[in-house]
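Anchor point for the sequence shown: position 507 equals 507 in my numbering, and the numbering is continuous, going up by one each time.
Single-structure report; data block below.
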Amino acid sequence: MPKPVIWTVDDDPDVLRAVERDLRRHYGDRYRVMAADSGASALAGVEQLKLRNEPVALFLVDQRMPRMSGVEFLEKALKLFPDAKRALLTAYADTDAAIRAINQVSIDHYLMKPWDPPEERLYGIVDDLLDDWQASYHPVVEGIRVVGHRWSPTAMEIRDFLGRNFLPYQWLDVEKDEAADQLVTSSKVECSSLPLVVFPDGSFLSKPTPAMVADKLGLRTRAEQPFYDLLVVGAGPAGLAAAVYGGADGLRTLLIEREAPGGQAGRSSRIENYLGFPTGLSGFDLARRAVAQARRFGVEILAPQEVAGVKVEGPSRVIRLSDGSEVAGRAVIITTGIAFRRLEVPGLDRLQGAGVHYYAPMSEAFSYRDGDIYIIGGANSAGQAAMYFSRFARQVTMVVRGDSLSATMSQYLETQIGTTPNIAVRLNSNVVEVRGSAHCEELVIENGKAGERQTVPASALLIYAGAVPRTEWLAGVVERDSLGYIISGQHLVQREHRRPRGWTADRDPFYLETSVPGIFAVGDIRSGSVKRVASAVGEGSMAVQFVHKILAGGGAYG
Ligand SMILES: Cc1cc2nc3c(=O)[nH]c(=O)nc-3n(C[C@H](O)[C@H](O)[C@H](O)COP(=O)(O)OP(=O)(O)OC[C@H]3O[C@@H](n4cnc5c(N)ncnc54)[C@H](O)[C@@H]3O)c2cc1C
């Protein structure tokens, strides 16, 4: 925690030196004493303190300074630190000005120069001011601050990125928080260049991408080695499990994740059916624990970093990253899961991030406190979201295409939903339009069975409408089914009653192995897999056993 600051400003160098010396001697162990010889240079320093989130306890300022008087300086500085105590240093002849200033900037005191001896004429007054300040001072939140508009999709993206990467931050809404205004003033960033991300050292980025924030925070996006035993692509449950088993077994393992560890499960507010957690656990906690476990076993994690291609070079499997760099390994496990399916509904794309969210971050729940939330989808993910958001919202309404929940949702969740008073379910229904100028305000819902359309006010629309694999980057390398899922193991042989085309090993593909020896596919991305956390974790750990077999055979790629 940084020491609170006492600022002293005086254009007379002798006086400035003397005040600084006296203040340091008496308060230096508890406060940082800063000095400036003009209002302008002091203001520049004050702005820096604001950006670094360091508190100012007291301004002790000369009234009669050329260019900017003490009162003028205080008027500006107090906009950034309104709670700081303020005292004017005045000569006898300026007493009237000091008294006027009591009203103008509500100064707490004025001190007559010279104040010698300080024990009698300075410290007593400053002690009182600092005691008062301490009594109402709330220590500042340390860490990253994000300043922006509540409905800004870019701000939403940054907050989601920070949250999912386990990076604590403070959100400041420019329309509501005074501190947000102060940071915008200090950084001199135009409102049109928000969001502003302010780092603990006082530096900041305006309108950054997640990659720029990651870079600034020194998140690892480049591999340390050119070659690994095992490369794992994707850090959902399957990838995290593969990495933990690989690392635990002593394999040099690199895990590469496009967004943030946790995958789809990381979006789950409460996973209740994962073995060993009778009261459930959030996907965020599962991911956080798994990342700690992987790191403990020496796994290197690159995030955010996207894999853009894979190729075979003799016994090596080479991965191309989206920044153009390459990294090689003896085996690759692909666990890239599935990505949400985009809906084609008028108004929806325009308001995405402004009240409309695909797989909404849980942190958004507070933003919609007492609001009316609509959820599209009837599967477990939608049900979990309904349960979670119902704790904050006035009313949650699930809009479900089918005529019951039982076909798509686990029974435990259906029961919970049925007994939660502020959750309603509209069956046989679709959202056909989203309306709002700057954010979601209204929805048009169509009931296909009744042949009716209704317009309803809505604070938010959360979408859990299924997901699709994104495997274009594997085209021409590994075999995929008609939907884009990766085919593995015996399915490859059964399809054409022979080993896959181009297969080089002198054996059939291992279970979970793709049409390229040494490249495995596990979890949701694998054709025919069970789309569950436990099965993804199980497959991730199993695949490492086959990697061992390959490595024991010296590569065994034929
Ligand atoms: C909201 C929600 C709630 C759920 N609740 C439950 C539940 O309660 N119980 C249950 O059993 N299951 C639940 N599921 C399903 C479960 O989360 C998934 O089956 C599981 O996450 C699949 O794990 P995975 O590792 O195979 O894939 P994913 O979880 O999809 O992870 C894939 C990862 O790969 C990354 N990636 C993708 N492409 C690339 C690339 N090119 N380069 C680098 N990284 C890439 C993605 O960013 C992602 O992090 C839920 C799903 C959702 C969405």
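Glycine included, each C-beta is placed from N, C-alpha and C at the ideal position.
As the structure is a computational prediction, the values presented were derived from the model and not from experiment.
*Three-state class that DSSP yields for V299 in the structure shown*: Translated into the one-based positions of the sequence shown, residue 299 becomes position 299. Correct three-state label for V299: coil.
_Own chain, CB closer than 6 Å to F340, minus 5 neighbours either side, in chain order_ = Taking the sequence shown and counting its residues from 1, the one referred to as residue 340 is at position 340. Same-chain partners within the cutoff: Y358, Y359, A467.
*Tell me whether R164 is buried or exposed, calling it buried when 16 or more other Cβ atoms sit within 10 Å of its Cβ.*
On the sequence shown, position 164 is the one that residue 164 refers to. By the 10 Å Cβ count, R164 comes out buried.
*Are I486 and T504 touching if we call contact CB-CB under 8 Å?*
One-based indexing of the sequence shown puts residue 486 at position 486. One-based indexing of the sequence shown puts residue 504 at position 504. No, they are not a contact pair.
_Going by beta-carbon coordinates alone, are A438 and A354 separated by less than 8 Å?_
For the purposes of this step, residue 438 is taken as the residue at position 438 of the sequence shown. For the purposes of this step, residue 354 is taken as the residue at position 354 of the sequence shown. In this structure, A354 lies closer than 8 Å to A438 by Cβ.
*Are R86 and V105 touching if we call contact CB-CB under 8 Å?*
Taking the first residue of the sequence shown as 1, we reach residue 86 at position 86. Taking the first residue of the sequence shown as 1, we reach residue 105 at position 105. Their beta carbons are under 8 Å apart, which means R86 touches V105 by this criterion.
*Straight-line CA distance for N103 to A77?*
As a working mapping, residue 103 is identified with position 103 in the sequence shown. As a working mapping, residue 77 is identified with position 77 in the sequence shown. Distance between the alpha carbons of N103 and A77 is about 16 Å.
*Since S563 sits in a beta bridge, which residues does DSSP pair it with?*
The structure shown does not extend to residue 563, since the chain spans only 1 to 558, so no value can be given for it.
*Apart from the five residues on each side of it in sequence, which residues of its chain come closer than 7 Å, Cβ to Cβ, to D508?*
Counting from 1 along the sequence shown, the entry for residue 508 is found at position 508. Taken in chain order, the residues that qualify are V493, R499.
*Say yes only if the C-beta of Q384 is nearer than 7 Å to one or more non-hydrogen atoms of ligand 1, and no if none qualify.*
To locate residue 384, count along the sequence shown from 1; it is residue 384. At least one heavy atom of ligand 1 is nearer than 7 Å to the Cβ of Q384, so yes.
*Could you tell me how far apart the beta carbons of D62 and V9 are, in whole angstroms, since I believe they sit closer than 8 Å?*
The count along the sequence shown starts at 1 and reaches residue 62 at position 62. The count along the sequence shown starts at 1 and reaches residue 9 at position 9. About 6 Å separates the two Cβ atoms, so the contact holds.
_N- and C-terminal bounds of the alpha helix (DSSP H) containing W133_ = Against the sequence shown, residue 133 aligns to sequence position 133. Per DSSP, W133 belongs to the alpha helix (DSSP H) from 123 to 135.
_Can you determine whether any heavy atom of ligand 1 sits closer than 7 Å to the C-beta of V299, and answer yes or no?_
Along the sequence shown, one-based indexing puts residue 299 at 299. Every heavy atom of ligand 1 is 7 Å or more from the Cβ of V299, so no.
*With hydrogens ignored, establish whether the beta-carbon of E414 is closer than 7 Å to any heavy atom of ligand 1.*
Locating residue 414 in the sequence shown gives position 414, counting from the first residue. Answer for E414: no, Cβ out of range of ligand 1.
*Since E257 contacts I319 with CB under 8 Å, what's their CB separation in whole angstroms?*
For the purposes of this step, residue 257 is identified with residue 257 of the sequence shown, where counting begins at 1. For the purposes of this step, residue 319 is identified with residue 319 of the sequence shown, where counting begins at 1. Not confirmed; about 13 Å, so no contact.
_For W171, which residues in the same chain have their Cβ closer than 7 Å to its Cβ, ignoring the five residues on either side in sequence?_
Indexing the sequence shown from 1 puts residue 171 at position 171. Only V146, R159 meet the Cβ criterion.
*T408 and A385 look like a contact to me (Cβ under 8 Å); what is the Cβ gap, rounded to whole Å?*
For this step, residue 408 is matched to residue 408 along the sequence shown. For this step, residue 385 is matched to residue 385 along the sequence shown. Not confirmed; about 14 Å, so no contact.
*Roughly how many angstroms separate the alpha carbons of P66 and L196, rounded to a whole number?*
In the sequence shown, residue 66 corresponds to position 66, counting from 1. In the sequence shown, residue 196 corresponds to position 196, counting from 1. About 34 Å.
*Is the closest heavy atom of ligand 1 to the C-beta of Y511 under 7 Å?*
By 1-based counting over the sequence shown, the position of residue 511 is 511. No, ligand 1 has no heavy atom inside 7 Å of this Cβ.
_Check whether chain B comes within 8 Å of S38, counting only Cβ atoms and requiring the distance to be less than that._
The structure shown contains no chain B; it holds only a single protein chain.
_Any 3 or more C-beta pairs closer than 8 Å across the stretch 20 to 28 and the stretch 115 to 129_ = yes
*Would you kindly report the start and end of the unbroken alpha helix (DSSP H) that includes P4?*
In the sequence shown, residue 4 corresponds to position 4, counting from 1. Element bounds for P4: n/a, residue is neither H nor E.
*With distances taken Cα to Cα, identify the nearest neighbour of A135 among Y245, N422, A84.*
Translated into positions along the sequence shown, residue 135 becomes position 135. The shortest Cα separation from A135 among Y245, N422, A84 belongs to A84.
_Once the 5 residues before and after A91 are set aside, which same chain residues still bring their CB inside 6 Å of it?_
One-based indexing of the sequence shown puts residue 91 at position 91. Counting only Cβ-Cβ distances below 6 Å, and skipping sequence neighbours, we find K113.
_Let me check one thing: in DSSP terms, what residues is W171 bridge-paired to?_
If you number the sequence shown from 1, residue 171 lands on position 171. V146.
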